[in-house]
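Following: one structure in structure tokens, then a few remarks.
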Amino acid sequence: MYDTIFSMELPVGEHIKLLRNRISNTEDIKNSSRMSIVTGIHGDEMEGQYICYELTRRIENERDKLKGVVDIYPAVNLLGLDNAIHTIPKERLDMNHIFPGSPDGSMMERVAYALIEDIAGASVCIDVHGSDIFTRESLQVRINEEFAAGLMEYAKLMPANLIWKNPCPSVAASTLVHSMNCIGVPAFTVECGVGNTINTKYGDRIVDGIFNVMKYFGIWEGEAVHHDDTPVCDDSSIDFMRADKAGLFINSMNKFGRVKKGQCIGKIIDVNKNEVVQEIIAPNDGILFTVREFPMVYEGALLARILVQEVEK
Ligand SMILES: [Zn+2]
Numbered sequence: 053m054y055d056t057i058f059s060m061e062l063p064v065g066e067h068i069k070l071l072r073n074r075i076s077n078t079e080d081i082k083n084s085s086r087m088s089i090v091t092g093i094h095g096d097e098m099e100g101q102y103i104c105y106e107l108t109r110r111i112e113n114e115r116d117k118l119k120g121v122v123d124i125y126p127a128v129n130l131l132g133l134d135n136a137i138h139t140i141p142k143e144r145l146d147m148n149h150i151f152p153g154s155p156d157g158s159m160m161e162r163v164a165y166a167l168i169e170d171i172a173g174a175s176v177c178i179d180v181h182g183s184d185i186f187t188r189e190s191l192q193v194r195i196n197e198e199f200a201a202g203l204m205e206y207a208k209l210m211p212a213n214l215i216w217k218n219p220c221p222s223v224a225a226s227t228l229v230h231s232m233n234c235i236g237v238p239a240f241t242v243e244c245g246v247g248n249t250i251n252t253k254y255g256d257r258i259v260d261g262i263f264n265v266m267k268y269f270g271i272w273e274g275e276a277v278h279h280d281d282t283p284v285c286d287d288s289s290i291d292f293m294r295a296d297k298a299g300l301f302i303n304s305m306n307k308f309g310r311v312k313k314g315q316c317i318g319k320i321i322d323v324n325k326n327e328v329v330q331e332i333i334a335p336n337d338g339i340l341f342t343v344r345e346f347p348m349v350y351e352g353a354l355l356a357r358i359l360v361q362e363v364e365k
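Counting in the working numbering, the sequence shown runs from 53 upward without gaps.
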């Protein structure tokens, strides 16, 4: 059932809304385990939209196995989604930098505040992201170092390719997940894919992971999907590869996974001079999990991330 959690009139006569799809077999919400699935904080990230559909479809197929409450917030940055842009339109502000919001603040600060208030008291919260248009991401769970000890057992339930501790700014102080953890709701971020596209394989794996978490909290009595142990890393165990020169990035990697020291990840070409200005070479053996998607680059642009070693779990 869709409920309007927040509504505000816009000067143009339209309304900004925050919607929640509550799926439950009980009236006793307060004393039930409750999971919150949030997506659409960034309006160009589409995997979350697919996940809202697929999660609902799979629950409804076996509705009798649902024992708690699943709250889905499909479109937090509604105007961003309407325009398929990452930020809040006009303000050009990253919505994941305005949490916990304010009841008296700007329009979107009020939306952020209403979301926090509505999720408060939940058993767990998962914020689903789908990367931006600039980088393609392998499926990963991101958690804040400050809360990592308490979150790790939930993070491991997601069939991700890695768990990344403290990837600022994804989980920093102004984000939804940080605000939720601060008020005692275990919360983590899932990241994958590339902006304005849907990778259904990643989407299906995330939904599998959501069912694992539901089962852990007694919200689901159906089957859950087993997955292998996921590597855990932090910034110290990742090679960040950046552009030294402006130009066009030509990607040599057609898939994520293992790379060898010395392997060519791609190159930057200067079309006006018809020359290669930088070759991007893996400095160590590792696992490629991020690669540049948007070809135009400036000095300092992120080109790739390679996991070179695991850290203690
Ligand atoms: Zn995002």
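Cβ coordinates follow ideal geometry from the N, Cα and C atoms, glycine included.
Keep in mind the model is a prediction, meaning the values are calculated, not measured.
*Anyone know if the C-beta pair for LEU131 and ILE140 falls short of 8 Å?*
yes
*With 16 other CB atoms within 10 Å as the buried threshold, where does ALA136 fall?*
exposed
*Would you identify the three-state DSSP class for ASP256, choosing helix, strand or coil?*
helix
_Rounded to whole angstroms, what is the Cα-Cα separation between SER59 and GLU189?_
33 Å
_Coarse secondary structure for HIS149, derived from DSSP in three states_ = helix
*At which residue ranges does the stretch 249 to 320 contain complete beta strand (DSSP E) runs of 3 or more residues, listed in the order of the chain?*
290 to 294, 299 to 303, 309 to 311
*Does DSSP put VAL237 in a helix, in a strand, or in coil?*
coil
*So the beta strand (DSSP E) ASP123 belongs to, where does it begin and stop?*
121 to 125
_Could you compute how far the alpha carbon of MET204 sits from the alpha carbon of GLU198?_
12 Å
*Nearest neighbour of ASN213, chosen from CYS177, ILE185, GLY261, ASN196 [CA to CA]*: GLY261
*asked:* Buried or exposed, going by whether 16 or more other CB atoms sit within 10 Å of the CB of LYS217?
replied: buried
*Starting from the Cα of ASN77, find the closest Cα among MET53, GLU66, TYR350, SER288 and give me that residue.*
MET53
_Nearest candidate by alpha-carbon position, reference LYS319, set VAL349, ARG74, ASP179, ILE290_ = VAL349
_Just to confirm before moving on: does the CB-CB distance between PHE263 and MET87 stay below 8 Å?_
no
*Kindly indicate which residue of GLY65, ASN73, LYS82 has the alpha-carbon position closest to the one of ILE89.*
ASN73
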